[in-house]
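Below is one structure, written out as structure tokens, with a few remarks after it.
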Amino acid sequence: MEAKKKKKKKKKAAVSEEQSVPSEPSSGNGQQSEVPSTGLDDDDEEGQGDGLVLAAPEAAKKKKKKNKSKKKKEPLEQTDPPSIPVIDLFPSWEFPEGEIQQYKDDNLWRTTSEEKRELEHLEKPMYNSVRQAAEVHRQVRKYIRSIVKPGILMIDLCEKLEDMVRKLISENGLQAGIAFPTGCSLNWVAAHWTPNSGDKTVLQYDDVMKLDFGTHIDGRIVDCAFTVAFNPMFAPLLEAAKEATNTGIKEAGIDVRISDVGAAIQEVMESYEVEINGKTYQVKSIQNLNGHSIGPYQIHAGKSVPIVKNGVQTKMEEGEFFAIETFGSTGKGIVKEGLECSHYMKKYDVGHVPLRLPRAKQLLATIDRHFSTLAFCRRYLDRIGETKYLMALKNLCDAEIVERYPPLCDVKGSYVAQFEHTILLRPTCKEVISRGDDY
47 MEAKKKKKKK KKAAVSEEQS VPSEPSSGNG QQSEVPSTGL DDDDEEGQGD
97 GLVLAAPEAA KKKKKKNKSK KKKEPLEQTD PPSIPVIDLF PSWEFPEGEI
147 QQYKDDNLWR TTSEEKRELE HLEKPMYNSV RQAAEVHRQV RKYIRSIVKP
197 GILMIDLCEK LEDMVRKLIS ENGLQAGIAF PTGCSLNWVA AHWTPNSGDK
247 TVLQYDDVMK LDFGTHIDGR IVDCAFTVAF NPMFAPLLEA AKEATNTGIK
297 EAGIDVRISD VGAAIQEVME SYEVEINGKT YQVKSIQNLN GHSIGPYQIH
347 AGKSVPIVKN GVQTKMEEGE FFAIETFGST GKGIVKEGLE CSHYMKKYDV
397 GHVPLRLPRA KQLLATIDRH FSTLAFCRRY LDRIGETKYL MALKNLCDAE
447 IVERYPPLCD VKGSYVAQFE HTILLRPTCK EVISRGDDY
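Counting from 47, one number per residue, gives the positions in the sequence shown under this note's numbering.
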């Protein structure tokens, strides 16, 4: 041990001579700390004297830094039920891409085109916005599917769903939020039904419910729907609508005639039969319901995608968003307006229209501020504190500023199923924005 100590002292003296630094520990220039910081064992520490005074703070500092580097921030995981805004789950703000489907035939070249890739690069912020909205939709519907049961009040179901959308999307005025009212149409009602305040409708075991809701970021809308049925006898009806929608997505593409998409959908839909209470029905595509193009803050942007064969020659174009939705029915396959209206929407291209009623002017200002050209329902007006507005709302509809969207119904006693996805015709490929593990 004595020999080891002498060796250490000689080494220390040699270093001191080479650097011409006094051996006193009070030099204060940091040089002295380099020697003891080489790491001494417990025996070596005895007799080091003042050298330890300089070494200890430096060693502690290095140890502290080392411990810090070990602590990595764990990524957040969604709670159950979901409560963390989706944006907090993706700190990089890069949201999951949807399902990619390649173009075919004359558009196959787009896949490897450098020019088209550059166009996509320029649109990346917009793609990211709509993907964020889609991720919210996926997380909300996953939870809702886990809790929806016979016996639930329809209004409670809708409000739970909508409150969760508001939370997960970090609702912010017209920049982020709900894109349109939650449709929860039952049985022969195909679309556009949501309970008004005070409605006591309860979901039953033998109901077929279409759950259609939308999310948006900066007006980029995700429109996506699915059908819930508890009784297994309805399974073929649901399968028909799901497969018809997938067929429509597969057929869609740049320069594709929308009538060809409709023909393919109808062929698949009407290849199905369903037996309900001992009677067999052919599943029919509803003739007067369509998919549609989607624009910023515009759920119906001008183009309709039929779900039956027709002679329309309109084509899909690069950069367009479409809601590919199909409705399979055991009824006549034609819908008519019926029941109490709940859905409304300000017309997208309406100009200034003079209004005489002060209450109508006030209500229009409220609609502009909270919804703009996004669809809303009476429950949403109730929620923001509007009261006694029905006459003013009628006035806005009569003036053709706001449009009514009443429930659309096939014949009473029939059943309708629906599935829907939002797709984007990117320059290089087709992206099914709202695709999830569920459908």
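Glycine included, C-beta positions come from ideal geometry on N, C-alpha and C.
On a predicted model such as this, the values are computed, not experimentally measured, just so you know.
Per-residue burial, residue i [other beta carbons within 10 Å of its own, 16 or more giving buried]
| i | result |
| --- | --- |
| histidine 167 | exposed |
| alanine 438 | buried |
| leucine 385 | exposed |
| lysine 393 | exposed |
| histidine 308 | Checking the displayed sequence, the identity of residue 308 turns out to be glycine instead of histidine. Buried, because 16 or more other Cβ atoms sit within 10 Å of the Cβ of glycine 308. |
| glutamine 148 | exposed |
| serine 40 | Residue 40 lies beyond the residue range present for the chain, which begins at 47 and ends at 485; the question has no answer from this structure. |
| proline 453 | buried |
| proline 137 | exposed |
| glutamate 161 | exposed |
| proline 82 | In this predicted model, proline 82 has a pLDDT of only 37, less than 50, meaning its place in the structure is not dependable enough to derive any value. |
| alanine 281 | exposed |
| arginine 481 | buried |
| aspartate 456 | buried |
| glutamine 185 | buried |
| tryptophan 234 | buried |
Within 9 Å, strictly: CB atoms of residue i and residue j
| i | j | result |
| --- | --- | --- |
| glutamate 371 | glutamine 464 | yes |
| glutamate 169 | glycine 365 | yes |
| leucine 284 | valine 194 | no |
| tyrosine 461 | histidine 238 | no |
| threonine 474 | arginine 156 | yes |
| arginine 212 | aspartate 484 | no |
| leucine 199 | lysine 150 | no |
| lysine 349 | phenylalanine 373 | no |
| aspartate 258 | leucine 232 | no |
| leucine 401 | threonine 412 | no |
| glycine 265 | leucine 420 | yes |
Heavy atom of the ligand FAD within 8 Å of residue i beta-carbon
| i | result |
| --- | --- |
| aspartate 152 | Among the components of this structure there are no ligands whatsoever, and the ligand FAD is therefore not found. |
Helix, strand or coil at residue i [DSSP, three-state]
| i | result |
| --- | --- |
| serine 305 | helix |
| isoleucine 224 | strand |
| tyrosine 485 | coil |
| methionine 486 | There is no way to answer for residue 486, as the model of the chain reaches only from 47 to 485. |
| glycine 244 | coil |
| isoleucine 193 | helix |
| isoleucine 322 | strand |
| alanine 298 | coil |
| glutamate 383 | strand |
| phenylalanine 465 | strand |
| asparagine 153 | helix |
| glutamate 205 | helix |
| glutamine 344 | strand |
| leucine 249 | coil |
| aspartate 361 | Position check: residue 361 holds lysine in this sequence, whereas aspartate was assumed. Lysine 361 falls in the strand class under three-state DSSP. |
| glutamate 432 | coil |
| leucine 283 | helix |
| alanine 122 | Residue identity differs from the one stated: residue 122 is leucine in this sequence, not alanine. Three-state DSSP puts leucine 122 in coil, outside helix and strand. |
| proline 278 | helix |
| glutamate 166 | helix |
| asparagine 218 | strand |
Host beta strand (DSSP E) of residue i (start-end)
| i | result |
| --- | --- |
| threonine 474 | Per DSSP, threonine 474 belongs to no beta strand (DSSP E) and is neither H nor E. |
| isoleucine 267 | 266 to 275 |
| asparagine 336 | 336 to 340 |
| lysine 325 | 325 to 328 |
| lysine 392 | 389 to 392 |
| glycine 374 | 367 to 375 |
| glutamate 145 | 145 to 147 |
| alanine 421 | Taken as a continuous stretch (DSSP letters only), alanine 421 belongs to no beta strand (DSSP E), as it is neither H nor E. |
| valine 457 | First-last for valine 457: undefined, no H or E at that position. |
| serine 317 | No beta strand (DSSP E) contains serine 317, which DSSP labels as neither H nor E. |
| serine 129 | Neither: serine 129 is in no beta strand (DSSP E) and is coded neither H nor E. |
| valine 396 | Note, valine 396: premise wrong, no beta strand (DSSP E); not H, not E. |
| valine 235 | 235 to 237 |
| proline 352 | 350 to 352 |
Residue i - containing alpha helix (DSSP H), residue span
| i | result |
| --- | --- |
| asparagine 7 | No information on residue 7 is available, as it lies outside the stretch 47 to 485 that the chain covers here. |
| arginine 429 | 424 to 429 |
| glycine 260 | Segment 254 to 263 is the beta strand (DSSP E) holding glycine 260; no alpha helix (DSSP H) there. |
| arginine 415 | 404 to 416 |
| isoleucine 133 | 132 to 135 |
Whole-number beta carbon distance between residue j and residue i, since they are thought to touch under 8 Å
| i | j | result |
| --- | --- | --- |
| isoleucine 304 | glutamine 333 | About 15 Å; that fails the 8 Å criterion. |
| isoleucine 479 | arginine 177 | 7 Å |
| tyrosine 390 | glutamate 449 | 7 Å |
| glutamate 477 | glycine 260 | Wrong, their Cβ atoms sit about 17 Å apart, outside the cutoff. |
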